[in-house]
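J.: This is the structure, below, for whatever I ask next.
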Amino acid sequence: GVALLVAVGRGPMRHGLAGIAWLAGHTRPGRFARAGVVRPFDTALRPLDLSMERLGVLTPRDFTQPELASFDACVQCGRCEEVCPAFAAGQRLNPKALIQGLSGAMREQPAPYCGSPSPHAPVMPGKGGMETEIIGGMLAPDTLWACTTCRACVEECPMLIEHVDAVIALRRGQTLMKGAVPAGAGPVLRASRERAEPGGRALEARTDAIAALDVPVLAAGEATDILLWLGEGAYDLRYGRSLRALVTLMRKAGVRFATLGADEVDCGDAARRLGDEATFQALAREAIGVLGTRTFRTIVTADPHAYHVLKNEYPALGGTWSVEHHTTFLDALVQGGQLTLAQRDGPAVAYHDPCYLGRYNGVIDAPRRLLDAACRTRVEVERHGLRSMCCGGGGGGPASDVDAVTRIPDLRMEQFRHGGAGIVAVACPGCTAMLEGVTGMRPDVKDVAELVLESLVP
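Counting from 1, one number per residue, gives the positions in the sequence shown under full-length UniProt numbering.
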């Protein structure tokens with residue numbers, strides 16, 4: 001009996017035993033819904049204890065035992081590689097090969113790999129071992145930095161393996177312990193540390209896009225109902241139209257709101273996804289300190305990345321507030337009768353689900369209700385909802401700039417063309433920038449707030 005157990009543990013069926021161990025000790029127990037309970041979304045990254053001598057993951061031994069079991073739990077079904085945007089674009093990442101590589105990294109003689117290699121690269125180029133560094137050995141650096149952290153692989157995995165958590169752990173090791181980041185990521189992290197803004201832009205300029213609308217600035221000690229968090233998209237001239245539409249709608253609905261003005265710092269999303277936990281925590285504590293001096297009922301933001309960080313990741317550092325995305329906020333205003341819409345004729349509209357709004361937080365229905373109220377014709381493309389395809393802008397992707405055969409947003413836009421969309425409705429400044437960057441004949445790109453404003457009954 002013992003011999004059989006050992007043989008199974010070392011053989012091709014080891015994923016059976018490993019799967020049991022992994023599911024029993026899963027690092028995200030919140031993903032397991034109880035009967036009658038709406039599916040939970042346990043997607044927040046856990047904070048690192050920065051006082052530890054070793055940060056992140058460099059060798060297999062740095063992973064926890066349940067995480068190591070999860071790599072062996074992989075059944076090599078390939079569902080993750082079918083939905084990975086980086087793999088589809090010809091980048092070096094294949095999430096199935098990633099997990100198999102991490103499994104092989106535990107052993108000096110990795111088990112045979114069954115499946116497609118990552119594009120243009122061998123699957124397991126080196127030898128493993130519990131004390132052997134993973135990046136540069138079993139895995140190439142580009143494998144790590146190609147990930148957009150979209151969680152499509154995690155959503156598909158029948159064994160509930162946490163691919164993205166593994167990627168972030170490895171990035172933390174490279175960034176914090178070795179200072180090894182892609183060339184484009186260095187300036188982003190440096191600006192985040194020195195200027196509290198990843199683009200190095202003046203904090204006073206964040207409100208330029210809405211300056212003509214005379215939005216109040218909430219000073220320390222003052223109170224309002226809604227605090228409008230502008231986010232990094234506020235610096236983008238194109239996304240300024242979206243913010244102006246949102247502000248106009250809030251005014252029409254009689255909402256009492258204000259911004260932080262120059263006191264709003266970067267929420268730290270980019271730094272955290274690039275593995276720089278130290279910079280993230282510094283930014284988070286600065287933001288939490290600023291927010292703690294103001295009184296408000298709810299934070300509203302049009303940026304799903306800021307929404308996710310403020311709502312789900314700041315509480316672990318002491319900052320807990322009510323946070324809403326602008327689509328759910330506008331939907332509540334329409335449902336409550338504070339805004340009245342009339343369906344407009346025009347091209348068919350298809351909604352692009354942002355990863356950090358849909359897969360990360362389960363906000364699927366509210367944007368569609370708004371579009372159904374505003375537009376006469378709405379269509380769904382094949383990849384939508386929890387299975388939506390990433391635009392390529394998350395996880396520090398634009399800063400990592402990993403070589404690819406084609407661009408992820410080009411692939412996504414092609415899906416909208418084939419789906420008969422004349423307008424792509426978006427709800428994220430990153431998605432707006434990535435999809436607007438697609439050249440050639442394509443559908444127009446408009447924020448949900450812009451489409452709602454166009455259909456507003458005076």
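The beta carbon of each residue, even a glycine, is placed where N, CA and C say it ideally should be. Since this is a predicted model, take the numbers as computed values, not measurements.
1. Are the C-beta atoms of G392 and some chain C residue less than 7 angstroms apart?
2. Note down, in chain order, each residue of its chain lying with its Cβ closer than 6 angstroms to the Cβ of R256, except the 5 sequence neighbours on either side.
3. Can you give the Cα-Cα distance for C457 and Q338, rounded to whole angstroms?
4. From the DSSP output, which residues share a beta bridge with R378?
5. When you compare each of A425, L213 and D269 to C375 by their alpha carbons, which one comes out closest?
6. Report the rounded CA-to-CA distance for I423 versus D410, giving the unit in angstroms.
7. Measuring CB to CB, does N361 end up less than 7 angstroms from F41?
8. For my contact list, residue 459 and R241 are in at a C-beta cut-off of 8 angstroms; report their separation, rounded to the angstrom.
9. Enumerate in chain order the residues of its own chain whose CB-to-CB distance from L341 is below 7 angstroms, with the five nearest sequence positions on each side excluded.
10. Please return the same chain residues whose Cβ sits closer than 8 angstroms to the Cβ of S322, not counting the five positions on each side in sequence.
11. Quick one, are the C-beta atoms of residue 485 and A196 less than 7 angstroms apart?
12. Confirm, please, whether the CB-CB distance from A166 to S400 is below 7 angstroms.
13. Sorted by chain position, which residues of the same chain lie with C-beta nearer than 6 angstroms to I364's C-beta, five sequence neighbours on each side aside?
14. Can the beta-carbon of F416 be found closer than 7 angstroms to that of V381?
15. Let me know if R61 comes out buried or exposed under the rule of 16 or more other beta-carbons within 10 Å of its beta-carbon.
16. Between which two residues does the beta strand (DSSP E) containing I301 stretch?
17. If we call anything under 7 angstroms between Cβ atoms a contact, is G289 one with F280?
18. Are D345 and L370 close, meaning C-beta to C-beta below 7 angstroms?
19. Between I134 and T148, what straight-line distance do the alpha-carbon atoms span, to the nearest angstrom?
20. Which residue spans inside the region 357-437 form an unbroken beta strand (DSSP E) run of at least 3?
21. Could you say which of L227, W145 and Q343 lies nearest to Q91 if we only look at CA atoms?
22. Taking only the alpha-carbon atoms, compute the straight-line gap between A211 and V57 and give it to the nearest angstrom.
23. Buried or exposed for I99, please, with buried defined as at least 16 other CB atoms from any protein chain shown within 10 angstroms of its CB.
24. Starting from K96, trace the alpha helix (DSSP H) both ways and give me its first and last residue.
25. As a quick exercise: from T64, R79 and G104, pick the residue whose alpha carbon is nearest that of R14.
26. Pull up the distance between the alpha-carbon of T59 and that of S51, whole angstroms please.
27. I226 lies in the alpha helix (DSSP H); which residues open and close that run?
28. Report the three-state DSSP secondary structure of A271 (helix, strand or coil).
29. Would you mind working out which of T293, A287 and R294 sits nearest K311, comparing C-alpha positions?
30. Consult DSSP for L17 and reduce its assignment to one of helix, strand or coil.
31. Give the DSSP bridge partners of T295, in chain order.
32. What is the DSSP secondary structure of F32, counted as helix, strand or coil?
33. Can you tell me where the alpha helix (DSSP H) with V188 in it begins and where it stops?
34. Given a threshold of 16 other Cβ atoms within 10 Å of its Cβ, counted over all protein chains shown, does R251 qualify as buried or as exposed?
35. Just list the alpha helix (DSSP H) runs in the UniProt domain "4Fe-4S ferredoxin-type" (64-96), keeping only unbroken ones of 4 residues or longer that don't cross its boundaries, in chain order.
36. Pick helix, strand or coil for T259, following the three-state DSSP scheme.
T.: Straight from the coordinates:
1. In the structure shown, chain C cannot be found, because there is only a single protein chain.
2. T224 and D225
3. The question names Cys, but residue 457 is Val in the sequence shown. Their backbone Cα atoms lie some 11 angstroms apart in a straight line.
4. V349
5. A425
6. 15 angstroms
7. yes
8. Beyond the ends of the chain as shown, which are 1 and 458, falls residue 459; an answer cannot be given.
9. V334, A373, A374, V452, S455, L456 and V457
10. R297, T298 and I299
11. The requested residue 485 is not part of the displayed model; the chain covers only 1 to 458.
12. no
13. G358 and G385
14. yes
15. exposed
16. Reading off the sequence shown, one finds Thr at residue 301, where the question assumed Ile. Looking at the DSSP string, the run of the beta strand (DSSP E) that includes T301 is T298 to T301.
17. no
18. no
19. 20 angstroms
20. 423-426
21. W145
22. 45 angstroms
23. buried
24. P95 to A105
25. G104
26. 19 angstroms
27. Unbroken run through I226 is the beta strand (DSSP E), I226 to W229; no alpha helix (DSSP H).
28. helix
29. A287
30. helix
31. A223
32. coil
33. A185 to R195
34. exposed
35. 65-72, 79-83 and 85-88
36. strand
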